[in-house]
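Structure record follows, encoded as structure tokens.
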Amino acid sequence: EAGVAQSPRYKIIEKRQSVAFWCNPISGHATLYWYQQILGQGPKLLIQFQNNGVVDDSQLPKDRFSAERLKGVDSTLKIQPAKLEDSAVYLCASSLDDLEGDEQYFGPGTRLTVT
Amino acid sequence: AQSVTQLDSQVPVFEEAPVELRCNYSSSVSVYLFWYVQYPNQGLQLLLKYLSGSTLVKGINGFEAEFNKSQTSFHLRKPSVHISDTAEYFCAVIQAQGKAAGNKLTFGGGTRVLVKP
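Protein sequence lines correspond, in order, to chains P and S.
Everything in the first sequence is counted per the working numbering, starting at 1 for the first residue and increasing by one.
Everything in the second sequence is counted per the working numbering, starting at 1001 for the first residue and increasing by one.
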């Protein structure tokens, strides 16, 4: 079974530029998550989708971050404009459903450096 | 709101020695508990989880953890570590609120384990 795919793996941009990350979840998984992991910290949930609808985006900085999952499969996360503090690893995860305790499978992440 | 505290940011340990990683949580409701491992430049991999039942949970790679409700702890142990166990370990919780829309993981800050030969 193929795992969660993410691209690019690494990205370096200057502040005020925009950037987009892509995630392809495990086939058949209805729930998709985006996490932000700042160096030295645990991951923090940014947004959770159930199929193509948003379940939780309470910690997404909506003035600069946006995410979509138009057909209920792939997802993109965008930052516009980027700030220095956005430097982090962005992890995508998926689970079969959104029932509590459903195992979340993580992709390798995209490491973003904002200079 | 729930929170997770991992008491040790780094744990150096010699190969074949035992290791214990401490995790405490706070929550006003029941929780489900997880331990994840993250190898360098990789995503997180689930080691084990506690949803209900026996408080001693066995996971992959010889790891186990014990849920202690009175002490709100979920410490991770391995009796004999290998060089390949060098990684970062994260404890996480989900609030058991009895509704379908959820499954939001809250992570601790992580414990970096360095296994020395």
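No residue lacks a Cβ here, since even glycine has one placed at the ideal position from N, Cα and C.
Since residue i and residue j should fall inside the 8 Å C-beta cutoff, what is the C-beta to C-beta distance between them, to a whole number of angstroms?
i       : j       : result
S66/P   : F49/P   : The Cβ separation is near 13 Å, so there is no contact.
G1108/S : T1005/S : 6 Å
E100/P  : Y1032/S : 6 Å
L1007/S : R1022/S : 4 Å
G107/P  : G28/P   : Actually they are not in contact, since the Cβ atoms of G107/P and G28/P sit about 16 Å apart, beyond 8 Å.
S1027/S : Q1095/S : 6 Å
Q36/P   : P25/P   : With 8 Å as the limit, Q36/P and P25/P do not qualify as a contact, their Cβ atoms being about 18 Å apart.
N52/P   : L77/P   : Not a contact, Cβ separation roughly 15 Å.
F1034/S : L1114/S : Not a contact, Cβ separation roughly 22 Å.
Is residue i near residue j, with beta carbons less than 7 Å apart?
i       : j       : result
R1016/S : H1075/S : According to the sequence provided, residue 1016/S is Glu. The question's Arg does not apply to it. Contact: no.
S87/P   : T113/P  : yes
L60/P   : I47/P   : yes
F21/P   : Y105/P  : no
P1018/S : P1117/S : no
E1066/S : L1051/S : no
Y1036/S : L1048/S : no
E1088/S : Q1038/S : yes
Q6/P    : C23/P   : yes
N1024/S : T1072/S : yes
Applying a beta-carbon distance threshold of less than 9 Å, which residues of chain P neighbour residue i?
i       : result
Q1042/S : F106, P108, G109
F1090/S : G42, P43
Y1032/S : E100, G101
Residues of chain S with a CB under 8 Å from the CB of residue i: which are they?
i     : result
S95/P : N1103
T76/P : In chain order: nothing, as chain S lies at least about 18 Å away.
Give the residues of chain B in contact with residue i, contact being defined as C-beta atoms less than 8 Å apart.
i       : result
G1109/S : Absent here is chain B; the protein component of the structure consists of chains P and S.
Just the chain S side, please: which residues come within less than 9 Å of residue i by C-beta, in chain order?
i     : result
L91/P : G1043, L1044
T31/P : N1103
Show which residues of chain P have a CB atom less than 7 Å away from the CB atom of residue i.
i       : result
I1094/S : E100, G101
I want to verify the contact list: residues of chain P whose CB lies under 8 Å from the CB of residue i, in sequence order.
i       : result
L1051/S : G101
Anything in chain S within Cβ reach of residue i, meaning under 7 Å, just list it in chain order.
i     : result
D56/P : K1104
E48/P : Looking at the sequence shown, residue 48/P is not Glu but Gln. Within 7 Å Cβ-Cβ: K1104.
- Message: My parser needs the beta strand (DSSP E) runs of 3 or more residues fully inside the region 5 to 74 of chain P; what are they?
- Response: 5 to 7, 10 to 13, 19 to 24, 31 to 37, 44 to 50, 53 to 56, 65 to 68
- Which runs of the alpha helix (DSSP H), 4 residues or longer, sit entirely within the region 1003 to 1074 of chain S? none
- Query: Between the region 87 to 106 of chain P and the region 1076 to 1090 of chain S, do three or more beta carbon pairs fall short of 8 Å?
  - Reply: no
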